[in-house]
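> For the protein sequence lines, the chains are C and S, in the order given.
Read in the working numbering, the first sequence has 82 at position 82, and its numbers run on one by one without any break.
Read in the working numbering, the second sequence has 182 at position 182, and its numbers run on one by one without any break.
Don't be surprised by glycine CBs; every beta carbon is placed ideally from N, CA and C.
Handing you this structure, nothing more for now.
There are 2 protein chains.
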Amino acid sequence: MSVIIERLAIVGVGLIGGSFALALREAGVVRTIVGVDRDPANLEQALALGVVDEIAASAAQGVRGTQMVFLSVPVCSIPGVLQEIAPALDPGCIVTDGGSVKAEIVAACQQLMPTGCHFVGGHPIAGTEHSGAAASFATLFKGKRCILTPTETTDRQALQAVSRLWQAAGAEVCSMEPGHHDRIFAEISHLPHAVAYALVHAVGTADVEGENVLSYTAGGFRDFTRIASSDPAMWRDIALMNRAALLASIDGFSASLAELRGRIDRGDGDGLAEFFTIAKQFRDGIL
Amino acid sequence: MSVIIERLAIVGVGLIGGSFALALREAGVVRTIVGVDRDPANLEQALALGVVDEIAASAAQGVRGTQMVFLSVPVCSIPGVLQEIAPALDPGCIVTDGGSVKAEIVAACQQLMPTGCHFVGGHPIAGTEHSGAAASFATLFKGKRCILTPTETTDRQALQAVSRLWQAAGAEVCSMEPGHHDRIFAEISHLPHAVAYALVHAVGTADVEGENVLSYTAGGFRDFTRIASSDPAMWRDIALMNRAALLASIDGFSASLAELRGRIDRGDGDGLAEFFTIAKQFRDGIL
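Structure follows, in structure tokens:
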């Protein structure tokens, strides 16, 4: 492929940022990648491993002279980082992000962009349980979706440039309205995390004749609750930033659980078999 | 090891029953194993694979002349099968089971036992996603727990014989009161299944601007909801047979979820971080 971006800055060279850099280099669509990271050791490692070509001591310094900036920092930090780099952006520079909540981020970032520069919200649906530049690899996004969330004011050429980069990185790109994105991810990602955390909390504090019931858990429980081992600070931020959609999802789930509870309480065997069968069909349908 | 049981009947030669047979044969603690199964093809396969030494056409026929019977049939079928074999049991015969709900089963089975025969409730905590005699293997129970649930009237020698067999099969045997067992498994197994079914039900029926949100799910959602692919009939039976304990567990979980919901609703960042951190500590503690 031919070069799309001469100079790209990646702020936050972790698993996502680093893998984006490796994928773009392998595709030959970016000439030079400059990395910025709040962790100097991680940044040095990114340079040593060839994940980035150059490193910069600050985000503002790193974005100078670039045509595109990818913000791959914790979702709550995105507006703050953008505020910091905004004065240093070259005219026409495109800023995009990888945050897993979009409506609040996109609204805040569009406000912060200098005239003549363009923001495009994005969310690559990929990851592993590892983190850091050393965990990154070029094929992380291959065949995975990347959702871009343009609004009415998003520059169409900027949107196209970001879209082409993600496609070059191997992702299937689709676009949707930021609020729609957040309602979908409230259901399929944020709700399951809330449920897993609440489940482990409930089972961990359950008092069954004073015994620690967690000591009896086997592989099934461990698998089911793995996502409750996720970073608490990250999930605090997501819960706060996608509050309205997550509350609606929790309420929908609570209604389903109340329905199931009622069928158990009434001893409604047919109703239980029906409920479990419908759920199983939904579950088997996503295999 | 020396022979503990001359002739053992296994009613239900699936993954659990078949693996018990293979483990006992490998340990040399049982001379002859006779298999019974409602599925003739599965039973023929069990014989052909050497999982059992003999097969019988009916449970009553199979248990004649045995010193021990292992009932490894769906939990709701256990009392019915016992009713069927009770008249055919030799004096002194021990009947044990592998059902995942105990209080109701143990009470029903103790009632059904002929005088001079002994019932011992059991629950091996092992399994795979596969089923049938062909899926069984001798090391399934190695290092896994097997919970026996004696009551005040349980014969101590019968309890000891069942315990020795499970130990010979590689399991770590512990004993507890049937109701205590059911309250523990309501928390760590039945509640997670109810939650997973309710979650998939809620997400599958969620209406986000008319879009099928399940099409956006990735590996995390699939892993988290795998247990909602379990057999609906089995989980209907478990929900009905462990109703009181499961309802209490659901209520405990709902209280935890309501607490979490309140912290999200109030935008209580510190409270959310604390909640997630406590849950993560519980979760990481069982690794």
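1) Using the three-state DSSP reduction, which class does Val-106 of chain S fall into: helix, strand or coil?
2) Using beta carbons (cut-off 9 angstroms, strictly below), is His-201 of chain C in contact with chain S?
3) Going along chain S in order, which residues have a C-beta closer than 9 angstroms to the C-beta of Gly-285 of chain C?
4) To the nearest angstrom, how far is the alpha carbon of Asp-90 of chain S from that of Thr-66 of chain S?
5) Just tell me which of S:Ile-4, S:Val-51, S:Ala-248 has its CA closest to the CA of Ile-16 of chain S.
6) My output table needs one value for Cys-93 of chain C: the three-state DSSP class, helix, strand or coil.
7) Counting only Cβ-Cβ distances shorter than 8 angstroms, please list the residues of the stretch 82-114 of chain S near chain C, keeping chain order.
8) Would you give the residue range spanned by the alpha helix (DSSP H) that Arg-7 of chain C belongs to?
9) Which value, in whole angstroms, describes the spacing of the CA atoms of Gly-99 of chain S and Gly-271 of chain S?
10) Inspect the beta-carbon positions of Val-30 of chain C and Leu-165 of chain C and report whether they are closer than 9 angstroms.
11) Thinking C-beta only, is Phe-275 of chain S closer than 9 angstroms to Tyr-197 of chain C?
12) Which class does Glu-172 of chain S belong to by DSSP, given the choice of helix, strand or coil?
13) What residue does the alpha helix (DSSP H) around His-180 of chain C start on, and which one ends it?
14) Going by DSSP in three states, Leu-148 of chain C sits in which element: helix, strand or coil?
15) Give every residue of the same chain whose Cβ lies closer than 6 angstroms to the Cβ of Cys-117 of chain S, excluding the five residues on either side of it in the sequence, and list them in chain order.
16) Can you have a look at Ser-256 of chain S and say buried or exposed, based on whether 16 or more other CB atoms are within 10 angstroms of its CB?
17) Scan the stretch 223-244 of chain S for residues whose Cβ lies nearer than 7 angstroms to a Cβ of chain C and list them as they occur along the chain.
18) In three-state DSSP terms, what is Gly-28 of chain S?
19) Assuming Lys-144 of chain C contacts Ile-125 of chain C (C-beta within less than 8 angstroms), just tell me the rounded distance between them.
20) Bridge partners for Gln-33 of chain C per DSSP, in chain order?
21) So which of C:Val-208, C:Thr-149, C:Leu-191, C:Ala-108 has the shortest CA-CA distance to His-180 of chain C?
22) Using a C-beta to C-beta distance shorter than 8 angstroms, which residues of chain C count as neighbours of Asp-265 of chain S?
23) Taking the DSSP output, what are the residues bridged to Phe-70 of chain C?
24) Going by C-alpha distance, which of C:Ala-202, C:Glu-129, C:Thr-139 is nearest Asp-231 of chain C?
25) Using 9 angstroms as the limit for Cβ to Cβ distance, is Val-120 of chain S near chain C?
26) At the 9 angstroms Cβ level, is Pro-74 of chain S part of the contact set with chain C, yes or no?
27) Compute the Euclidean distance between the alpha carbons of Leu-43 of chain C and Ala-233 of chain C, then round it to the nearest angstrom.
28) Rounded to a whole number of angstroms, what is the C-alpha to C-alpha distance between Thr-153 of chain S and Val-203 of chain C?
Reading it off the structure:
1) It is helical.
2) Taking 9 angstroms as the CB threshold, His-201 of chain C lines the interface with chain S.
3) Gly-204, Leu-214
4) 7 angstroms
5) S:Val-51
6) coil
7) none
8) Segment 5-11 is the beta strand (DSSP E) holding Arg-7 of chain C; no alpha helix (DSSP H) there.
9) If I take the Cα positions, the gap works out to 41 angstroms.
10) yes
11) yes
12) strand
13) 178-185
14) strand
15) Leu-89, Cys-93
16) buried
17) Asp-223, Phe-224, Thr-225, Arg-226, Ile-227, Ala-228, Ser-229, Pro-232, Ala-233, Trp-235, Arg-236, Ala-239, Leu-240, Arg-243
18) coil
19) 5 angstroms
20) In the sequence under discussion, the amino acid at residue 33 of chain C is Ile, which differs from the Gln named in the question. In the DSSP output, where bridge partners are listed per residue, Ile-33 of chain C has C:Leu-8.
21) C:Thr-149
22) Arg-243, Leu-247
23) C:Ile-10, C:Thr-96
24) C:Glu-129
25) no
26) no
27) In a straight line, the C-alpha of Leu-43 of chain C is about 22 angstroms away from that of Ala-233 of chain C.
28) The straight-line gap from Cα to Cα measures roughly 31 angstroms.
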